[in-house]
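Contents: one structure, followed by commentary.
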Amino acid sequence: MFMKKVLNSNWVGAVLTILLRLAIRTRILSDEMLKKWLVLTEERYGGFIKGVKRRKISPRDPRPHEALYRVGEQGGDRMAFHGYARKYAEYLTSILLNYILNDRQITIVEIGILKGTGLAIWDGLFPKGRLIGLDIDLSYIVENMGFLKGRGAFKGKKPELYEFDQYLDNSHYMGRILNGDGIDICVDDGVHTAETILLTLKSMMPYLSKQFVYFVEDNPDVHEQIRKRYPRLNVENAGELTIITRF
Ligand SMILES: C[S@@+](CC[C@H](N)C(=O)[O-])C[C@H]1O[C@@H](n2cnc3c(N)ncnc32)[C@H](O)[C@@H]1O
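Residue numbering for the sequence shown is 883 to 1129, as defined by this note's numbering.
Structure (structure tokens):
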């Protein structure tokens, strides 16, 4: 309990981030270091939560709405609970080195943001990056913004937030949002069904940068359909996580 309090305190978070930046600048950043930072930072921005009462469900969502309202949403579970930190670190280390050392511009899109734990983590990694959060219901992150800022997030700038329904083809909508920018990192942590994952990937496809990484969470099978539809892309499956890249 005491240790958790210390780890979650703002100054420890700030020190961890300074150490991360130092490791990047001196090029000693390793996947293992980044993995630890990702786990600790997720915890600091709220960590694992479940049973968050749903307030809005897409009218196009074919799953029984009553059951969805009963179960609620879960978040802050990417790095520690699901154990995706190792894979995230593996893919993000080189992007992070390239971004910081070459002062590169970067655009990160997360679909399904709930209270914004993920967006706060991406902000810590890419403080000057363009952060775009998409969700059917933005009320959770709006309410949680004070907490995230109090823990040190979004000091440079606030993330851009847009209402977004994964059951729609959002290709034109994304074009308007991105306004000429390409997507370098995309994270789909929304509905998790094959239908929505494939439709969202289709909507993002015209805007993915020449080199990108696209994480699809919490679906163990969809990688097969992605491989079939996009044979030119690299698709790695690691349990319930799928990572699509073009490098
Ligand atoms: C697993 S939670 C996201 C957790 C979050 N990424 C985090 O880091 O804590 C799933 C999110 O998907 C959103 N969602 C549900 N249906 C959606 C839809 N049709 N389109 C877009 N987002 C949806 C929910 O509102 C919820 O915020």
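Quick reminder that beta carbons are idealized off the backbone N, C-alpha and C, glycines included.
Contact test: residue i Cβ vs ligand 1 heavy atom, cutoff 7 Å
{"i": "Gln987", "result": "no"}
{"i": "Gln1107", "result": "no"}
{"i": "Leu996", "result": "yes"}
{"i": "Arg926", "result": "no"}
{"i": "Asp943", "result": "yes"}
{"i": "Gln1093", "result": "no"}
{"i": "Glu948", "result": "no"}
{"i": "Phe1046", "result": "yes"}
{"i": "Asp913", "result": "no"}
{"i": "Val1073", "result": "yes"}
{"i": "Ile993", "result": "yes"}
{"i": "Asp1019", "result": "yes"}
{"i": "Ser976", "result": "no"}
{"i": "Ser940", "result": "yes"}
Range covered by the alpha helix (DSSP H) that runs through residue i
{"i": "Val1104", "result": "Val1104 to Arg1111"}
{"i": "Phe1029", "result": "Ser1021 to Gly1032"}
{"i": "Arg945", "result": "Neither: Arg945 is in no alpha helix (DSSP H) and is coded neither H nor E."}
{"i": "Leu1123", "result": "It is not in any alpha helix (DSSP H) - Leu1123 instead sits in the beta strand (DSSP E) that spans Leu1123 to Arg1128."}
{"i": "Gly1038", "result": "Where Gly1038 is concerned, there is no enclosing alpha helix (DSSP H), given that its DSSP letter is neither H nor E."}
{"i": "Gly1057", "result": "Ser1053 to Leu1060"}
Residue i to residue j span [Cα, whole Å]
{"i": "Leu901", "j": "Glu914", "result": "14 Å"}
{"i": "Gly933", "j": "Thr908", "result": "42 Å"}
{"i": "Lys997", "j": "Lys1084", "result": "26 Å"}
{"i": "Gly965", "j": "Gln956", "result": "15 Å"}
{"i": "Lys1010", "j": "Leu1001", "result": "13 Å"}
{"i": "Gly1072", "j": "Gln1048", "result": "8 Å"}
{"i": "Gly1062", "j": "Asp943", "result": "30 Å"}
{"i": "Phe1094", "j": "Phe1029", "result": "31 Å"}
{"i": "Phe930", "j": "Gly1057", "result": "33 Å"}
{"i": "Phe1129", "j": "Leu1123", "result": "19 Å"}
{"i": "Asp1103", "j": "Ser976", "result": "27 Å"}
{"i": "Thr936", "j": "Ser1053", "result": "This sequence places Arg at residue 936; Thr is not what is there. Taking the straight line joining both Cα atoms gives about 26 Å."}
{"i": "Tyr1112", "j": "Arg986", "result": "27 Å"}
{"i": "Arg968", "j": "Val1069", "result": "15 Å"}
{"i": "Ile1065", "j": "Ile1059", "result": "11 Å"}
{"i": "Arg960", "j": "Arg1109", "result": "23 Å"}
{"i": "Arg945", "j": "Arg1012", "result": "33 Å"}
{"i": "Asn890", "j": "Leu904", "result": "21 Å"}
Exposure label - residue i; buried when at least 16 CB within 10 Å
{"i": "Trp1004", "result": "buried"}
{"i": "Gly1038", "result": "exposed"}
{"i": "Ala1138", "result": "Residue 1138 is absent from the model: the chain starts at 883 and stops at 1129."}
{"i": "Lys917", "result": "buried"}
{"i": "Val1024", "result": "exposed"}
{"i": "Glu1099", "result": "buried"}
{"i": "Val888", "result": "exposed"}
{"i": "Asp1051", "result": "exposed"}
{"i": "His947", "result": "exposed"}
Collapsed DSSP secondary structure at residue i in the structure displayed
{"i": "Asp913", "result": "helix"}
{"i": "Lys1092", "result": "strand"}
{"i": "Leu1073", "result": "Rather than Leu, the amino acid found at residue 1073 in this sequence is Val. Coil, per DSSP."}
{"i": "Ile1018", "result": "coil"}
{"i": "Arg968", "result": "helix"}
{"i": "Glu924", "result": "helix"}
{"i": "Ala905", "result": "helix"}
{"i": "Tyr1044", "result": "strand"}
{"i": "Lys918", "result": "helix"}
{"i": "Arg986", "result": "coil"}
{"i": "Leu996", "result": "coil"}
{"i": "Lys887", "result": "helix"}
{"i": "Asp1066", "result": "strand"}
{"i": "Arg960", "result": "coil"}
The beta strand (DSSP E) enclosing residue i, as first and last residue numbers
{"i": "Thr989", "result": "Thr989 to Ile993"}
{"i": "Glu1077", "result": "Not the beta strand (DSSP E): Glu1077 falls in the alpha helix (DSSP H), residues Ala1076 to Met1086."}
{"i": "Ala1120", "result": "Asn1116 to Ala1120"}
{"i": "Glu955", "result": "Glu955 to Gly957"}
{"i": "Gly929", "result": "Neither: Gly929 is in no beta strand (DSSP E) and is coded neither H nor E."}
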